[in-house]
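Working notes, structure below.
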Amino acid sequence: MSSTVLFSLEGRGLKLDTAADLEPHIKALKENEDVEEVRLQGNTLGVGACEALAAVLRSKKKLRTAVLADIFTSRLLSEIPPALDALLTALLRCPQLRTVDLSDNAFGLNTVAPLQPFLLQHTPLQHLILTNNGLGPAAGTLIAEALTALAAKKESARSSSSAPKDIPDLETVICGRNRLESGSMAAWAKAYQANKNILTIKMTSNGIRQEGVSHLLSAGLAHCASLHTLDLQDNTFTHTAAGVLAATLPSWPRLKELGVGDCLLTSQGMRAVAKTFSSGSSPALEILRLQYNEIDISGLKALVDALHAKPKLRRVELNGNKFNEDPVIERLKEVLDERREEYGPGFEEGVDEEWGLDELDDLEEEDEDEDEDEGSEDGRKEEPETVEEKANKVLQEAEEAEDENVALEEDKSVDQLANMMEKAELN
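Next comes the structure, spelled out in structure tokens:
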């Protein structure tokens with residue numbers, strides 16, 4: 000990016016407590032009326048410095064991107080709210096500001112308050128990035144509620160004769176490593192339902208359990224027909240939420256990337272998802288991340304059998320699952336390599352992470368006696384819970400298909416126990 004539109008102090012490690020501390024570093028910003036992007040991450044700013052910076056930022060009418068990640072390291076909790084409030088109040092005066100990145104700042108419930116009014120009012124917002132902010136479910140709920148209100152604010156502004164007509168939809172929400180947990184998923188589902196034209200959602204490593212994931216999918220993301228990228232890695236699905244995922248996939252005809260690695264998807268869940276894939280849902284899918292999901296060879300075979308319905312699929316990640324070297328793996332690798340040769344760059348061009356199969360160097364041994372109807376991460380039977388009828392139907396059909404087409408050598412007593420657990424969970 001040209002220096003005329005970018006101002007950056009990124010990674011300088013500056014400790015700026017006061018306006019006087021800041022002054023020597025922002026001369027170029029003060030003089031630049033054409034600046035479009037400001038990058039301040041990797042420094043630490045006190046209240047005085049933030050107030051002085053805010054006075055400069057509010058006049059930058061062409062500003063489109065503000066990267067304010069990691070700017071409060073070593074600051075007291077009492078310092079962060081007034082400092083953040085000064086910056087965000089100033090950014091409300093920037094009519095072209097589309098992208099805000101506040102990652103790696105310790106907000107939590109006590110310091111999240113200044114973010115709410117900004118999200119409630121800033122109708123130009125298009126991309127919101129909040130990663131590793133320590134939000135927790137309570138603060139996460141407040142953020143989600145603000146985004147719900149923002150959708151209504153955007154719609155109202157579009158119909159106003161005095162407001163700009165080019166008000167964008169909220170297109171990106173990245174909110175990972177924030178301990179959002181299942182308790183905030185009702186609010187997040189409403190937020191996504193309200194912002195139904197969203198394109199990219201990444202909510203990795205949030206400690207969301209299967210009931211929370213199920214609600215997020217069925218009540219929220221199912222309404223997002225324009226979704227291109229969904230990354231929910233490192234949350235807990237089990238086959239329960241995997242069934243809801245399978246039922247929701249037809250809602251995303253434009254989906255290009257799906258990340259559900261390290262989610263305890265299970266082989267039963269993988270078979271349910273693969274069955275939906277086979278029916279032609281999400282035909283635009285290009286990247287599928289399935290690492291560390293306790294998927295065995297039956298789940299892998301179901302996925303490979305669905306490849307005919309996924310002509311654009313070019314990257315599959317499967318490391319850390321429960322199968323050994325098998326002809327099915329070679330079949331998958333051959334199909335992906337053929338697609339790269341036909342549509343992608345040459346093998347020598349160094350884009351291996353965008354094409355083909357990942358390195359399978361951490362596979363687990365498959366346990367032939369393992370009960371596939373896992374109830375939870377620790378193996379305990381889950382309490383019966385209500386799951387959407389459509390998800391139940393998908394799971395049941397996947398299991399019936401498996402019974403017809405795959406001969407599993409399992410002990411009869413284990414089969415009986417699995418059937419009992421299945422009935423208890425699906426009734």
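The C-terminal position of the sequence shown is numbered 426 in numbering that gives the first Met the number 0, with every residue numbered one higher than the one before it.
Glycine is no exception: its CB is placed at the ideal position from the N, C-alpha and C atoms.
Inter-residue Cα distance where the pair is residue i and residue j
i      : j      : result
Gly175 : Asn205 : 6 Å
Thr235 : Ala18  : 46 Å
Gly355 : Thr265 : 22 Å
Thr3   : Val243 : 49 Å
Asp20  : Thr43  : 11 Å
Ile173 : Thr130 : 7 Å
Lys26  : Leu149 : 34 Å
Arg253 : Leu67  : 31 Å
Asp16  : Val55  : 16 Å
Thr140 : Met184 : 8 Å
Arg97  : Ala145 : 17 Å
Ser250 : Gly12  : 45 Å
Asp168 : Gln192 : 13 Å
Lys61  : Val99  : 14 Å
Lys201 : His238 : 21 Å
Ala186 : His214 : 10 Å
Lys153 : Asn292 : 39 Å
Leu83  : Cys49  : 8 Å
Leu312 : Glu353 : 11 Å
Glu32  : Glu22  : 17 Å
Phe276 : Leu289 : 14 Å
Pro80  : Arg92  : 19 Å
Ala85  : Gly182 : 30 Å
Ser159 : Leu127 : 24 Å
Helix, strand or coil at residue i [DSSP, three-state]
i      : result
Lys332 : helix
Ala283 : coil
Leu229 : strand
Ser7   : strand
Glu32  : coil
Gly182 : helix
Lys255 : coil
Lys14  : strand
Asp103 : coil
Lys321 : coil
Glu316 : strand
Lys311 : coil
Arg74  : coil
Lys195 : coil
Leu356 : strand
Arg339 : helix
Lys201 : strand
Beta carbon of residue i nearer than 8 Å to that of residue j
i      : j      : result
Gly41  : Glu78  : no
Ala188 : Gly219 : yes
Leu229 : Gly258 : yes
Ala427 : Ala190 : What is shown of the chain runs 0 to 426, which leaves residue 427 out entirely.
Thr203 : Asp233 : yes
Val315 : Leu284 : no
Pro116 : Gln95  : no
Ser7   : Arg57  : no
Leu248 : Ala273 : no
Asn320 : Ile294 : yes
Gln125 : Thr171 : yes
Lys309 : Val327 : no
Leu108 : Leu87  : no
Asp357 : Asn323 : no
Ala245 : Ala221 : no
Ala112 : Ala53  : no
Gly135 : Arg178 : yes
Cys482 : Leu216 : Nothing in the structure corresponds to residue 482, since the chain is present only between 0 and 426.
Thr110 : Leu75  : no
Glu35  : Thr72  : no
Where the alpha helix (DSSP H) containing residue i begins and where it ends
i      : result
Asp20  : 18 to 21
Arg270 : 265 to 277
Ala143 : 135 to 157
Val243 : 237 to 247
Val46  : 46 to 56
Lys300 : 296 to 304
His214 : 209 to 214
Residue range of the unbroken beta strand (DSSP E) whose run includes residue i
i      : result
Ala65  : 64 to 66
Val111 : Unbroken run through Val111: none, as it is neither H nor E.
Leu86  : It is not in any beta strand (DSSP E) - Leu86 instead sits in the alpha helix (DSSP H) that spans 79 to 90.
Leu127 : 126 to 128
Ile173 : 171 to 173
Below-8 Å beta-carbon distance, residue i vs any chain D residue
i      : result
Ala145 : Absent here is chain D; the protein component of the structure consists of one chain.
Inset, instruction - Kindly confirm or deny that the stretch 147 to 161 and the stretch 96 to 109 touch, where touching means at least three C-beta pairs closer than 8 Å. - result: no
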